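For the sequence shown, position 242 (counting from the first letter as 1) is numbered 242 according to our numbering, and the numbering increases by one without interruption.
Beta carbons are placed, not taken as given, at the ideal position from N, Cα and C, and that holds for glycine.
In this text the structure is predicted, and so the values were computed from the model without any measurement.
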Amino acid sequence: MRSLQWLAARLPEAHLTATIDGIGNLLGTSTTSGPKLLAGSHLESQNYAGWLDGPLGVVYALEAARVLNSDPDVKGAVEVAVWCDEEGHFGSFLGSRSYVGGVTEAEIDAARDRTSGRAMRDALREVGLAGRPRVSVERGRHIGYLEAHIEQGQMLESSGLAIGIVTSIVGIWQYRINFVGEQNHAGTTRMSLRKDAGLALARFCVAIDDRFPALAGPRTVWTTGRITLDPGAPSIIPGAAEMLFQIRDDDPTVIERLEQLLQTMADEATAQGRSSVTLERIRTGAPASMDARFQDAIEAASTAFASGRSTRMPSGAGHDAQVLASIMPAGMLFVPSIGGISHHWTENTADADIVTGAQVFVETCRRLLAG
Ligand SMILES: [Zn+2]
1 MRSLQWLAAR LPEAHLTATI DGIGNLLGTS TTSGPKLLAG SHLESQNYAG WLDGPLGVVY
61 ALEAARVLNS DPDVKGAVEV AVWCDEEGHF GSFLGSRSYV GGVTEAEIDA ARDRTSGRAM
121 RDALREVGLA GRPRVSVERG RHIGYLEAHI EQGQMLESSG LAIGIVTSIV GIWQYRINFV
181 GEQNHAGTTR MSLRKDAGLA LARFCVAIDD RFPALAGPRT VWTTGRITLD PGAPSIIPGA
241 AEMLFQIRDD DPTVIERLEQ LLQTMADEAT AQGRSSVTLE RIRTGAPASM DARFQDAIEA
301 ASTAFASGRS TRMPSGAGHD AQVLASIMPA GMLFVPSIGG ISHHWTENTA DADIVTGAQV
361 FVETCRRLLA G
């Protein structure tokens with residue numbers, strides 16, 4: 001709330017009126033006629049995280065609004081948005097999804113902080129936001145949405161580049177993979193007779209890493225998250241096991257291929273007779289394409305202010321821009337992350353890169369408003 005209030009106090013310098021709405025989004029709106037470009041990011045962070053993930057994009061948006069909204073040669077205005085809960089403490093992109101009309105009151109009623117268990121309603125009441133209306137997008141108001149963010153990876157730094165022009169934001173597919181064997185005594189059951197669901201799971205994990213590369217795309221990533229053995233006692237052979245598994249790519253056909261492979265592997269493992277393996281898809285997210293005109297504007301601005309040290313690249317991390325892209329043209333630019341580190345207090349970007357990124361961002365806004 002203090003960061004939101006700080007920003008709300010800055011926005012009048014950019015001829016914007018600040019509203020903090022009933023879910024914790026902050027919108028800075030202009031009364032100027034002409035085209036409006038929405039720009040922003042998020043101010044909250046992961047717990048124990050760094051200083052740039054989110055705030056960098058918000059401060060760039062503030063800077064663009066300060067520079068352009070008082071420039072008599074610029075038609076229209078940059079409006080500033082700060083989305084609540086981008087990092088998913090209470091849900092998934094609750095702030096930006098609320099703005100585009102994708103969050104019901106019931107979803108807010110049910111939302112709880114995943115760390116503390118505190119209800120979102122209680123949190124909103126404690127900071128004085130309970131009962132405020134939520135601000136929704138006014139269709140047709142904006143020519144689009146532009147967001148800057150740290151890369152959170154090493155691509156730009158290792159290539160000596162200053163700007164990443166995001167082409168798409170990856171889709172995330174998540175699965176629960178269940179293994180059912182036979183629970184039995186760990187001392188008296190001979191090895192040849194065991195149906196150890198935990199062992200079947202471990203073999204499956206290794207098999208994924210052996211077989212996925214042949215069908216994956218150049219940027220596909222996959223991760224096994226929580227593994228549970230049931231029961232998880234050393235004196236009992238686990239009769240059941242479960243793993244959460246995630247695949248990310250910006251090409252849905254690659255995901256389809258890999259999902260088919262997972263199913264084949266599950267069938268093969270089941271056919272071997274020790275454990276039955278079933279696959280359950282628990283989350284799908286289509287990749288979001290960034291608008292071609294926005295990409296071109298970022299590239300032209302990079303030529304002017306970053307000596308052309310830019311490249312087009314997909315984003316492997318989720319961002320609010322993917323939500324905004326569902327209702328308006330959207331674009332994103334990245335600045336380098338030192339050592340690729342993010343979600344950690346050492347997260348940083350060289351001062352020179354922060355400045356270059358701001359100049360490219362403001363110039364991109366100027367070009368987009370000029371059409
Ligand atoms: Zn972020």
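Item to check | Ile255 beta carbon less than 7 Å from that of Ile247 | outcome: Yes.
Item to check | Cα-Cα separation, Ser315 to Leu161 | outcome: As the crow flies, the alpha-carbon of Ser315 is around 16 Å from that of Leu161.
Item to check | Alpha-carbon spacing of Ile20 relative to Val277, whole angstroms | outcome: Whole-angstrom Cα-Cα distance: 48 Å.
Checklist entry - For Tyr145, is the classification buried or exposed, using 16 other Cβ atoms within 10 angstroms of its Cβ as the cut-off for buried? => result Buried, because 16 or more other Cβ atoms sit within 10 Å of the Cβ of Tyr145.
Item to check | For Tyr145, the three-state DSSP class (helix, strand or coil) | outcome: Secondary structure of Tyr145 (DSSP, three-state): strand.
Checklist entry - Could you give the distance in angstroms between the alpha-carbon of Ala200 and the alpha-carbon of Phe361? => result A direct Cα-to-Cα measurement between Ala200 and Phe361 gives close to 51 Å.
Checklist entry - For Thr284, which residues of its own chain have a beta-carbon under 6 Å away from its beta-carbon, when the five flanking residues on both sides are left out? => result Excluding sequence neighbours, Thr284 sits near Trp173.
Checklist entry - Given Glu299, which residues of its chain have a CB within under 7 Å of its CB, disregarding the five upstream and five downstream residues? => result Apart from sequence neighbours up to five positions away, the residues of its chain that approach Glu299 with a beta-carbon distance below 7 Å are Ile165 and Ser310, ordered along the chain.
Next on the checklist: Please tell me whether Gln152 and Ser3 are closer than 7 Å, where the distance is taken between their beta carbons.
Outcome noted: Between Gln152 and Ser3, the C-beta gap is not smaller than 7 Å, which leaves the two residues out of contact.
Next on the checklist: Does the segment 318 to 330 come into contact with the segment 288 to 303, if we say contact requires no fewer than three beta-carbon pairs (one atom in each stretch) closer than 8 Å?
Outcome noted: With the cut-off at 8 Å, the segment 318 to 330 and the segment 288 to 303 touch.
Next on the checklist: Please report the straight-line C-alpha distance between Asp209 and Arg203, rounded to a whole angstrom.
Outcome noted: The alpha-carbon atoms of Asp209 and Arg203 are separated by roughly 10 Å.
Checklist entry - Per DSSP, Met243 is paired with what? => result Answer is Ile177 and Ile227.
Next on the checklist: Residues in the same chain with beta-carbon distance under 6 Å from Asp379, minus the five sequence neighbours each way, listed in chain order, please.
Outcome noted: Limits of the chain in this structure are 1 at one end and 371 at the other, which puts residue 379 out of reach.
Item to check | Other residues of its chain near Asp230: CB distance less than 7 Å, five sequence neighbours each side excluded | outcome: So the list reads Pro238, Gly239, Ala240 and Ala241, once near-sequence residues are dropped.
Next on the checklist: Could you compute how far the alpha carbon of Glu268 sits from the alpha carbon of Asp109?
Outcome noted: The alpha-carbon atoms of Glu268 and Asp109 are separated by roughly 43 Å.
Checklist entry - Taking the C-alpha atoms as reference points, what is the distance between Val323 and Gly102? => result For Val323 and Gly102, the distance between alpha carbons rounds to 9 Å.
Checklist entry - Start and end of the alpha helix (DSSP H) containing Val362? => result Where Val362 is concerned, the enclosing alpha helix (DSSP H) stretches over Asp351 to Leu369.
Next on the checklist: Am I right that Glu280 and Arg176 are in contact with their C-beta atoms under 8 Å? What's the rounded C-beta distance?
Outcome noted: In this structure Glu280 is in contact with Arg176, their Cβ atoms being roughly 5 Å apart against a cut-off of 8 Å.
Next on the checklist: Classify Glu13: buried if its beta carbon has 16 or more other beta carbons within 10 angstroms, exposed otherwise.
Outcome noted: So Glu13 counts as exposed.
Item to check | Completely contained beta strand (DSSP E) runs for the segment 264 to 310, where each covers 3 or more residues | outcome: Fully enclosed beta strand (DSSP E) runs of 3 or longer: 276 to 283.
Checklist entry - For Cys205, does the count of other Cβ atoms within 10 angstroms reach 16, so buried, or fall short, so exposed? => result Exposed: under 16 other Cβ atoms inside 10 Å.
Checklist entry - From this set, Asn47, Ser96, Leu124 and Gln154, which residue's C-alpha is nearest Thr115's C-alpha? => result For Thr115, the closest of Asn47, Ser96, Leu124 and Gln154 by C-alpha to C-alpha distance is Asn47.
Checklist entry - Say the cut is 6 Å; is the CB of Gly331 nearer than that to a heavy atom of ligand 1? => result For Gly331, the distance from the CB to the nearest heavy atom of ligand 1 is not below 6 Å.
Item to check | Three-way DSSP call (helix, strand, coil) for Asp4 in this model | outcome: Checking the sequence, you will find Leu at residue 4 rather than Asp. Here Leu4 sits in helix by DSSP.
Next on the checklist: Is it buried or exposed, Gly54, if we count other Cβ atoms within 10 angstroms and call 16 or more buried?
Outcome noted: Under the 10 Å beta carbon count, Gly54 is surrounded by 16 or more other beta carbons and is classified as buried.
Checklist entry - Between Thr29, Val180, Ala352 and Thr349, which lies nearest to Gly198 when the distance is taken from Cα to Cα? => result Cα-wise, what sits closest to Gly198 is Val180.
Checklist entry - Any chance the CB of Asp209 is under 6 Å from a heavy atom of ligand 1? => result Asp209 Cβ: outside cutoff for every heavy atom of ligand 1.
Item to check | Proximal residues to Trp345 (C-beta, below 6 Å), its chain only, five neighbours per side dropped | outcome: So the list reads Gly50, once near-sequence residues are dropped.
Checklist entry - Looking only at DSSP bridge pairs, what is Ile169 linked to? => result DSSP links Ile169 through a beta bridge to Ala288 and Ser315.
Checklist entry - Using the rule of at least 16 other Cβ atoms within 10 Å of the residue's Cβ for burial, across every protein chain shown, is Arg66 buried or exposed? => result With 16 or more other Cβ atoms within 10 Å, it is buried.
Checklist entry - Should Gly128 be counted as a contact of ligand 1 given a C-beta to heavy atom distance under 6 Å? => result Not under cutoff, so the answer is no.
Next on the checklist: Less than 7 Å between the beta carbons of Phe334 and His149, yes or no?
Outcome noted: The Cβ-Cβ distance between Phe334 and His149 falls below 7 Å.
Checklist entry - Any idea which residues DSSP pairs Lys36 with across the strands? => result BP columns for Lys36 point to Ala77 and His142.
Checklist entry - Sorry if obvious, but does the Cβ on Gly54 come closer than 6 Å to a heavy atom of ligand 1? => result Under cutoff, so the answer is yes.
Checklist entry - Going by DSSP, which residues form a beta bridge with Asn184? => result BP columns for Asn184 point to Ile237.
Checklist entry - Is DSSP giving Thr29 helix, strand or coil here? => result Collapsing the DSSP output to three states places Thr29 in a strand.
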